[in-house]
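Structure follows, in structure tokens:
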């Protein structure tokens with residue numbers, strides 16, 4: 109009986125030591141495409157909000173400043189998570205993926221710097237009791253342009269990452 113326990117213990121120890129000695133670490137799953145798709149969806153959602161605000165503030169009179177302030181405050185809150193989503197998307201990409209799309213990713217980073225500036229301006233408008241709805245209209249128009257740019261870059265990055273890799277192998 110002692111011999112059976114010793115052999116089973118030795119077998120378990122050998123298995124554990126063998127699994128540590130393999131040296132292979134499992135690769136992390138590739139979540140970059142899902143993160144990019146999620147970021148693109150967020151651009152689309154914000155684009156709808158920006159378009160709605162542009163349409164609404166286009167006909168809003170200066171007396172509607174309180175309504176415009178509420179819209180600005182809401183838009184600033186909606187823009188808040190965009191920076192974290194961009195950071196998560198960057199973290200989800202491998203070094204080789206980032207190297208592959210570096211010029212595009214640099215443009216995306218500039219777009220996100222623009223988002224941060226616009227978010228700060230929109231938030232300031234949300235707290236300004238003397239704001240004119242035309243100011244929010246102009247900022248929403250600028251946001252729409254930056255969103256269009258970022259969405260186009262996001263599509264180009266997705267295309268680049270999903271494009272088939274050409275190989276020098278020729279079929280004869």
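Residue numbers (our numbering): 109 to 280. For every residue, glycine included, the Cβ atom is placed at its ideal position computed from N, Cα and C. Values in this document were obtained by computation on a predicted structure and should not be read as measured data.
Residue 272 has its alpha-carbon roughly 46 Å from the corresponding atom of residue 232. In the three-state reduction of the DSSP assignment, residue 216 falls in the helix class, which pools H, G and I. In this structure, the straight-line span from the alpha carbon of residue 159 to that of residue 248 is close to 7 Å. In this structure residue 150 is buried. Its beta-carbon is surrounded by 16 or more other beta-carbon atoms within 10 angstroms. Where residue 148 is concerned, the enclosing alpha helix (DSSP H) starts and stops at 140-166. By a beta-carbon distance limit of 8 Å, residue 157 contacts residue 186. Their separation comes to about 6 Å.
DSSP, reduced to helix, strand and coil, places residue 266 within a helical segment of the structure shown.
Take the alpha-carbon of residue 166 and the one of residue 203: they are about 45 Å apart. If the five residues before and after residue 259 are omitted, its C-beta is found closer than 8 Å to the C-beta atoms of 148, 151, 152 and 155, all from its own chain and listed in chain order.
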